[in-house]
Amino acid sequence: MAKFAINLKEGNIEKESELIVGIDLGTTNSLVAYMKEGQAVAVKDQAGKSTLVPSIIHFTADQSVIVGDEAREKLVTDPANTIYSVKRLMGKSYKDIKQVEQYFGYRIIDEDTDSLVKIRVKDKFFTPIELSAEILKTLKRRIERELGETISKAVITVPAYFNDAQRQATRDAGKLAGLDVLRIVNEPTAASLAYGIGLHPDDNEVVAVYDLGGGTFDISILQIHNGIFEVLSTHGDTFLGGDDFDRAIVDFWLQQQATGQVSSSQSLRLLAEQAKKHLSQHESYENTLDGVTYAISRAQFEALAQPLVDRTLASCRRALVDAKLKPEQIEKVILVGGATRVPLVKKAVSDFFGREVFDKLNPDEIVALGAAIQADILAGNQKDLLLLDITPLSLGIETMGGLMDVIIPRNTKVPAKVGRRYTTSIDGQRNLKVAVYQGERDLVEHNRKLGEFILKGIPPMPAGLPKIEIHFIINADGILQVKAQELRSNVAQSIDVQPQYGISEEEMGRMLLESIQHAQEDMARRALLEARNEANNIILSADKFVQQHAAILSPEEIEITRTLTSDLRVAVAGTDKDVINKAMEDLNAYTSPLAHRAMDTAIADAIKGISL
C-alpha cells in the first residue's frame, strides 16, 4: 500500500518525499503549519503578525469571497452575508441543528428533514463543505506564499467526537480546496504529538487534553500505547468558550452603567476581549470607549469566570467516569485553546488533576503544530516511526443518481470495519443492487468498479422503511468483504474483492490527481444530483399527501400544492441547484402547515370516543 506524490503543476507522479502540511480547521480560528529544519512552525500572515485566520467567510455584493480578519469586520455591518462557526454545521442535518439555530446570525434553510444543512446567502445556497473549503483555500494560499511552492497534501485535525459524516465532510472540503487530505487526525492526538508525547514506541501513558477554544470546550482522555492513540472518553460543551468570558465582562460593565448608555455591542465585546487578555498578565484593566470608562480587576473577572470554569470541570469529571479513571491516574495534562491562558483556568485544571499542566507551547497553535508533526511522519521523514498500512484509495458504493458514497476513506488504517445504514427509494422494492467502487471522484462513472451483488428478498414495504445495513470489512492483506443485510428480515448477501489487484501505483496516482483537478466540477455535479434526489423524494411525498388528505384540503390548497410541485418538477429538469433548492423551500414552506393540520386531524380521529 504505497504512497506517492502528485505534482499539480506538472501533472505527473513523483517518487521522492514531498512537503505535507498540518491544518487546524477550527471553529473560531484556523491555522496551517509545517516542519522547518526539524521544528513544527505555524505560518504567519503577510504582515508577519498573527498565525490565526478567523474562521469567518463574507460574501460581498458581487458574490466575491473574503475570509479571515477582513470578513470578521463584516460581522457587525453585514451579518446576514457573513458566515461564522461553520465547523459546527459540518456533516449535520437540519434536525441536528434545529435546537441551536438561533445561535447563528445567518440564514440556515429551515426544513425539518434529515438532509445535510444548507446556508442561504442572497439567492445562493452553500453547504458547510463549500464554506470550509474557502477557509482551507486561504490557508493553502498562505503556506504557498510563505514557501514559494505549490502545496497539494495536508493532514487536517478534527475534534475526537466528530462522527464519520463530519470527518468525511472535512475530507471533502479539503479536496474542494485542492488538497489531498492524507489523514484526519483527532485534535487531542495532535496536541499530544506537539509535546512529543506518543512519538516514542515505548510510550505508555494516560493523557488528558483540556481544550478551551473561542466557542467550544472539550476534554479528551487518551490511552497511548506503542504509538497508538486510543480515545477512552470525550466530553464537553459545544457552546462554551472564551467568547463566554468576554460576554461575562460585557454584562458586568453594562450593569455598572447606571445611565444605561451602551456602546456598540461589537466594540464593547472587542474591549472585553482586550480586558481578558490584559488581565492574564496584570491585576486590573481600564479603558475608555465613546466617552465612557470601563474598568475591571482580575479578582472581579475571576468571580465572573468561575461558573464557566466550573462547567468545564464538570465535563472533566464526566469524562473520567466514562473512562473509568480517577484524576490521579492521569499522567499528563495538556492545555489547548487560547482561553487556557486565563490564570484561573490553568490553576483550576492543575488543582483538579493534582499535577502541573503542559502549557509551554502556544495554546492557539498547538493542534496545528501536532498536525504538522503527523504530516512529517506520513511523509516518511521520521525514519524511526512506523506507520500502519493504509487504504490508498477510497472505497464506497453507488447511490441514487450515480453518486459515490464513500464508506472507507482513502488513507484509513487497515484492518478496518465500517458500517452504514441505507433504505429503499421505491414502494415495495424487493431487491437492492450493491455496486462497489474504488476512487476519489464524486460520480461512480469516473471511479473503478470492483464488483456488485444483489440483496434479494427484501420484505415489500413503503419506500424508506426497510433498514439495510452495509458493512465494508478490509483485512490486513487488503482483502475487502462487503456485506449487506436487511435488519427486519435478516436476509443477507456478501462479496469478497481485492481492491489492490490489477491496479498500478501510476494508475492510483492518476486517479488521485484527477480527483483534485476535477474537485470543483465534481462537487457542483454532486450538489445538483443530491438536490434532484431530495426534490424527487419531496415531489413523491407531496403527490401522496394530496392524494391521501384531499378530504381536509380546500380546492385552493390542492391547486397551490400541485402548482408548487409542478414548479419543482420543472426545476429538477434544469441544471441549477439553487433554483431546485428555492423551489423545494417554497413547497416545504407552504405544505408544512397543511401537514401539521393532517397530523392534528389524525390524532383527533384516533382518540375519538376514548375517555382520558
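Residue numbers (my numbering): 131 to 742.
We treat Cβ as the ideally placed atom computed from N, Cα and C, and that holds for glycine.
None of the values given here were measured: they were computed from a predicted structure.
#### Entry: Straight-line Cα distance separating R662 from Q678
When rounded, the distance between both Cα atoms is 24 Å.
#### Entry: Among Q176, D199 and V315, nearest to V151 - alpha-carbon criterion
Nearest of Q176, D199 and V315 to V151, Cα basis: V315.
### Message
Just to check my reading of the structure: L434 and A378 have Cβ atoms closer than 8 Å, yes? What is that Cβ distance to the nearest angstrom?
### Response
Sure, about 4 Å apart at Cβ, within 8 Å.
### Three or more C-beta pairs below 8 Å linking the segment 363-372 and the segment 335-354
Cβ pair count under 8 Å is three or more, so yes.
#### Entry: Bridge partners - Q504, DSSP secondary structure assignment
Note: Q504 sits in no beta bridge, so no partner.
#### Entry: Runs of alpha helix (DSSP H) wholly within the segment 527-556 (minimum 4 residues, chain order)
Runs of the alpha helix (DSSP H) inside the segment 527-556: none found.
### Message
Out of R218, Q296 and F189, which one is the CA nearest neighbour of K204?
### Response
Taking K204 as reference, the option from R218, Q296 and F189 with the minimal CA-CA separation is F189.
### Query
Starting from R250 and walking both ways along the alpha helix (DSSP H), at which residues does that stretch end?
Counted as a single uninterrupted DSSP element, the stretch harbouring R250 is not any alpha helix (DSSP H) but the beta strand (DSSP E) occupying residues I249 to V251.
#### Entry: Three-way DSSP call (helix, strand, coil) for T257 in this model
Residue state for T257 is assigned as coil, using DSSP reduced to three classes.
### Task
Would you kindly work out how many angstroms separate the C-alpha atoms of A505 and G235, rounded to a whole number?
Taking the straight line joining both Cα atoms gives about 36 Å.
### Query
Is it right to say S722 is buried, meaning 16 or more other beta carbons lie within 10 angstroms of its own, or is it exposed?
The residue is exposed, with fewer than 16 neighbouring Cβ atoms inside 10 Å.
### Query
Between which two residues does the alpha helix (DSSP H) carrying Y720 extend?
Run containing Y720: K707 to I737, per the alpha helix (DSSP H) assignment.
### Message
Can you give me the C-alpha to C-alpha distance between G467 and T158, rounded to a whole angstrom?
### Response
If I take the Cα positions, the gap works out to 10 Å.
### Message
Closer than 8 Å is the cut-off here; do at least three beta carbon pairs connect the segment 647-661 with the segment 618-625?
### Response
No: the two stretches stay apart, fewer than three of their Cβ pairs being nearer than 8 Å.
### Query
How is E276 classed by DSSP in three states: helix, strand or coil?
Judged by DSSP in its simplified three-state form, E276 adopts helix.
### Task
Quick one: which unbroken alpha helix (DSSP H) runs of 4-plus residues sit fully inside the segment 645-689? Chain order, please.
Every alpha helix (DSSP H) of 4 residues or more that sits fully in the segment 645-689 is shown, in chain order, as 649-678.
### Task
Pull up the DSSP beta-bridge partners for I227, would you.
I227 pairs with nothing; no bridge assigned.
#### Entry: Bounding residues of the alpha helix (DSSP H) (the contiguous stretch that carries T300)
Where T300 is concerned, the enclosing alpha helix (DSSP H) stretches over D294 to L306.
### Query
At what residues does the beta strand (DSSP E) containing S619 begin and finish?
Looking at the DSSP string, S619 is not in any beta strand (DSSP E), and its letter there is neither H nor E.
### Task
Compare the beta carbon distance of P596 and T529 with 7 Å and say whether it is the shorter of the two.
Not in contact: P596 and T529 (Cβ atoms no closer than 7 Å).
### Task
Can you tell me which of the three DSSP states E148 falls into?
DSSP, read as helix, strand or coil, puts E148 in coil.
#### Entry: For S262, three-class secondary structure by DSSP
If DSSP states are grouped into helix, strand and coil, S262 belongs with the helices.
### Task
Have a look at S684, G549, G581 and R485 and flag the residue whose alpha-carbon is nearest the alpha-carbon of K563.
Closest option to K563, Cα to Cα, is G581.
### Message
Does the contact criterion of 3 or more C-beta pairs under 8 Å hold for the segment 212-225 versus the segment 257-274?
### Response
Touching, yes.
### Query
Is the distance from the Cβ of R570 to the Cβ of I598 below 7 Å?
It should be pointed out that residue 570 corresponds to Glu in this sequence rather than to Arg. Their beta carbons are not under 7 Å apart, which means E570 does not touch I598 by this criterion.
### Task
List the residues that DSSP assigns as beta-bridge partners of F483.
Answer is none; F483 lacks a bridge partner.
### Query
Using the rule of at least 16 other Cβ atoms within 10 Å of the residue's Cβ for burial, across every protein chain shown, is E140 buried or exposed?
With a pLDDT of only 47 at E140, under the threshold of 50, the placement of this residue in the model should not be trusted; the figure read from the coordinates follows. With a threshold of 16 other beta carbon atoms within 10 Å, E140 falls short and is exposed.
### Query
If we ignore side chains and look at the alpha-carbon of each, how far apart do T368 and E689 end up?
The alpha-carbon atoms of T368 and E689 are separated by roughly 45 Å.
#### Entry: Element boundaries [alpha helix (DSSP H), containing E317]
First-last of the alpha helix (DSSP H) with E317: E317 to A324.
### Query
Hey, how far is the Cα of E461 from the Cα of K228?
Here the alpha carbon of E461 sits roughly 39 Å from the alpha carbon of K228.
### Task
Would you mind working out which of G639, R550 and G558 sits nearest R612, comparing C-alpha positions?
Note on identity: in this sequence residue 612 is Val, with Arg being the wrong assignment. Selected option, being the one with the closest Cα: R550.
### Task
Going by CA-CA distance only, name the one from Y233, G198, Q430 and I239 that's closest to E715.
The option with the nearest alpha carbon to E715 is I239.
### Query
Taking the alpha carbon of A295 as the point to measure from, which residue in L219, I265, E335 and H330 has its own alpha carbon closest?
Minimum Cα distance to A295 is reached at L219.
### Query
Based on the DSSP secondary-structure assignment, which residues constitute the bridge partners of A163?
DSSP lists G152 and A172 as partners of A163.
### Task
Go ahead and pull the three-state DSSP assignment for A191.
Three-state DSSP puts A191 in coil, outside helix and strand.
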